[in-house]
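Letter by letter, the sequence shown follows residues 95 to 398 of my numbering. The beta carbon of each residue, even a glycine, is placed where N, CA and C say it ideally should be. Report on the following structure.
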Amino acid sequence: MKQHANAMLMASFAADALSLGAHWIYDTNEIKEKFNRVDGYFQPLPESYHQTKVKGDFTHYGDQTLLLLEALSETSSFELDRFSRMWRSRMADYTGYKDHATKTTLSNLSDGASAETAGSASTDLGGASRIAPLAYLYCNSLNELVGSSRQQSAMTHNDPMVVEAAEFFARLVYLVLHGEAPKNAADKAVSDMGQPAALIKGIEKALSSVPDNTIDTIGRFGQSCGIPAAFPSVMHLIFKFEMDLKTALVENVMAGGDSAARGMLAGMVLGAHHGDDALPAHWLSEMSHLSTIRTLTGKINIQP
């Protein structure tokens with residue numbers, strides 16, 4: 095279990111680092127022209143949203159996920175108020191890209207809103223994409239994983255679709271860590287959630303797209319950050335490349351748009367499914383924050 099939990103966490107971080115160079119480029123031909131095939135880490139382009147970053151770094155999604163991991167390492171538990179205070183302190187002076195959800199949440203906190211109410215109304219999948227550290231800590235405790243995943247997502251993205259997606263991916267990865275295949279786990283997760291119509295629709299779209307080209311499929315679903323486009327795109331990656339984590343994450347980047355949020359969740363689930371052997375060694379060795387992640391996970395006592 096711990097080996098698969100570690101692979102789950104590292105694959106989520108690796109997916110973000112892999113996305114950095116081409117993140118938010120929507121023209122897939124431009125990605126091919128400037129990067130050829132993104133099967134390793136790249137320096138962001140001069141006009142990128144991530145100009146302060148270098149090859150092997152994370153986007154703002156990965157940085158906030160690393161911050162969550164740091165918070166969990168202090169007490170081996172998730173406490174929303176403590177995480178909110180740490181997040182506010184770090185993000186106020188953050189030199190990377192600050193998205194709308196981050197700016198709005200910081201403003202609301204400054205105006206006196208609580209951690210439970212300060213979140214933006216953003217529908218971006220990015221709020222749910224940070225949950226891998228929680229799945230690592232609570233890999234044996236579904237209720238704690240679901241509750242903490244919903245809370246941390248709503249802290250910055252307080253939209254029902256984002257919170258629902260966070261719960262779904264928490265349930266999905268929990269089941270995969272405990273031996274379920276991704277498709278069976280997805281069916282059980284939506285069943286346990288009461289068959290939410292939007293999630294079922296996204297899963298059905300993803301299943302029907304498995305024979306199709308990934309770049310075309312994500313282009314058809316939508317390359318943008320919002321749940322309606324991003325959720326079925328993540329599920330397409332999981333279902334189509336169930337046996338090939340590396341290709342899933344490379345094809346995700348080649349499909350353009352918000353590849354980081356999509357990749358972090360697809361990587362999380364497929365990493366949980368396969369374990370450490372599925373990750374290319376150079377994705378780990380070239381990751382800027384590898385030693386920090388290993389130090390932090392070493393401090394965490396996984397909940398029984």
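Give a yes or no on whether the C-beta atoms belonging to D110 and A354 are separated by under 7 angstroms. Mapped onto the sequence shown, residue 110 falls at position 16. Mapped onto the sequence shown, residue 354 falls at position 260. A contact, by the Cβ cut-off of 7 angstroms.
Does DSSP put H117 in a helix, in a strand, or in coil? The residue given as residue 117 occupies position 23 in the sequence shown. Three-state DSSP puts H117 in coil, outside helix and strand.
Can you round the beta-carbon distance between V256 and T217 to whole angstroms, since I take them to be within the 8 angstroms contact cut? Taking the sequence shown and counting its residues from 1, one reaches residue 256 at position 162. Taking the sequence shown and counting its residues from 1, one reaches residue 217 at position 123. Contact holds; Cβ gap of about 6 angstroms.
Cα separation between L339 and I297? Taking the first residue of the sequence shown as 1, we reach residue 339 at position 245. Taking the first residue of the sequence shown as 1, we reach residue 297 at position 203. So the two alpha carbons sit approximately 19 angstroms from each other.
Using a Cβ-Cβ cutoff of less than 7 angstroms, which residues in the same chain neighbour N395 once the five nearest sequence positions on both sides are dropped? Against the sequence shown, residue 395 aligns to sequence position 301. Correct list, in chain order: S170.
What is the DSSP secondary structure of S214, reduced to helix, strand or coil? On the sequence shown, residue 214 is found 120 positions in, with the first residue counted as 1. DSSP places S214 in strand when its eight states are reduced to three.
Step through the CB atoms of chain C and report whether any lies within less than 7 angstroms of the CB of A366. In the structure shown, chain C does not exist; there is a single protein chain.
From the DSSP output, read off the bridge partner residues of G320. Against the sequence shown, residue 320 aligns to sequence position 226. Per DSSP, D218.
Grouping DSSP H, G and I as helix and E and B as strand, with all else coil, what is H251? Here residue 251 corresponds to residue number 157 of the sequence shown, with the count starting at 1. Strand, per DSSP.
Assuming A375 is part of the alpha helix (DSSP H), what are its boundary residues? On the sequence shown, residue 375 is found 281 positions in, with the first residue counted as 1. 375–379 is the extent of the alpha helix (DSSP H) around A375.
Please state whether DSSP places I312 in a helix, a strand or coil. Indexing the sequence shown from 1 puts residue 312 at position 218. Correct three-state label for I312: helix.
Rounded to the nearest angstrom, what separates S106 and R182 at their Cα positions? Stepping through the sequence shown from its first residue, residue 106 is reached at position 12. Stepping through the sequence shown from its first residue, residue 182 is reached at position 88. So the two alpha carbons sit approximately 23 angstroms from each other.
Indicate whether the contact test is met: 3 or more Cβ pairs, each with one atom in the stretch 122–140 and one in the stretch 368–382, closer than 8 angstroms. yes
Could you spell out the range, first to last residue, of the alpha helix (DSSP H) harbouring G357? What you label residue 357 is simply residue 263 of the sequence shown in a count that begins at 1. Counting along the chain, the alpha helix (DSSP H) containing G357 begins and ends at 353–368.
Could you tell me the alpha carbon to alpha carbon distance between I309 and D205, rounded to whole angstroms? Here residue 309 corresponds to residue number 215 of the sequence shown, with the count starting at 1. Here residue 205 corresponds to residue number 111 of the sequence shown, with the count starting at 1. About 42 angstroms.
Could you name the residues of the same chain whose beta carbon sits closer than 7 angstroms to that of G190, not counting the 5 residues immediately before and after it, in chain order? Stepping through the sequence shown from its first residue, residue 190 is reached at position 96. Counting only Cβ-Cβ distances below 7 angstroms, and skipping sequence neighbours, we find H144, T146, K147, H154, D157.
Quick one: what does DSSP say N202 is sitting in, helix, strand or coil? The residue given as residue 202 occupies position 108 in the sequence shown. It is helical.
Considering only the alpha carbon of each residue, which of G357, Y230, A283 lies closest to I387? The sequence position of residue 387 within the sequence shown is 293, counting from 1. Looking at the Cα atoms, Y230 is the closest of the given residues.
In chain order, what residues of the same chain have a beta carbon less than 7 angstroms from the beta carbon of A215, not counting five sequence neighbours either side? For the purposes of this step, residue 215 is taken as residue 121 along the sequence shown, with counting starting at 1. Excluding residues within five positions, the ones whose Cβ falls inside 7 angstroms are N252, D253.
Distance check for G273 and V284, CA to CA, integer angstroms please. Here residue 284 refers to the residue found at position 190 of the sequence shown. Here residue 273 refers to the residue found at position 179 of the sequence shown. Their Cα atoms are separated by approximately 17 angstroms.
How close, in whole Å, do the beta carbons of M104 and G365 come, if the pair is a contact with beta carbons under 8 angstroms? Stepping through the sequence shown from its first residue, residue 104 is reached at position 10. Stepping through the sequence shown from its first residue, residue 365 is reached at position 271. The pair is a contact, with the Cβ atoms about 7 angstroms apart (cut-off 8 angstroms).
Inter-residue Cα distance where the pair is D281 and P305: Here residue 281 corresponds to residue number 187 of the sequence shown, with the count starting at 1. Here residue 305 corresponds to residue number 211 of the sequence shown, with the count starting at 1. Answer to the nearest angstrom: the Cα atoms are 20 angstroms apart.
Determine the direct distance from the alpha carbon of P322 to that of L271, and round the result to whole angstroms. In the sequence shown, residue 271 corresponds to position 177, counting from 1. In the sequence shown, residue 322 corresponds to position 228, counting from 1. Roughly 26 angstroms separates the two Cα atoms.
Once you ignore the five residues that flank A342 on each side, which residues in its own chain have a CB closer than 7 angstroms to its CB? Position 248 of the sequence shown, counting from 1, holds the residue named residue 342. Excluding residues within five positions, the ones whose Cβ falls inside 7 angstroms are L331, F335, A360, L364.
Residue of A226, R176, L219, A375 minimising C-alpha distance to S208: Position 114 of the sequence shown, counted from the first residue, corresponds to residue 208. Answer by Cα proximity: R176.
Spatial distance of L266 from A372 (CA atoms): Indexing the sequence shown from 1 puts residue 266 at position 172. Indexing the sequence shown from 1 puts residue 372 at position 278. Roughly 19 angstroms between the two C-alpha positions.
Distance CB(T311)-CB(S318) smaller than 7 angstroms: Reading the sequence shown from its first residue, position 217 is the one you call residue 311. Reading the sequence shown from its first residue, position 224 is the one you call residue 318. Not closer than 7 angstroms, so no.
Nearest to G357 (by Cα), restricted to the options T199, S178, K126, A226: The residue you call residue 357 lines up with position 263 of the sequence shown. Among T199, S178, K126, A226, the Cα nearest to that of G357 is on A226.
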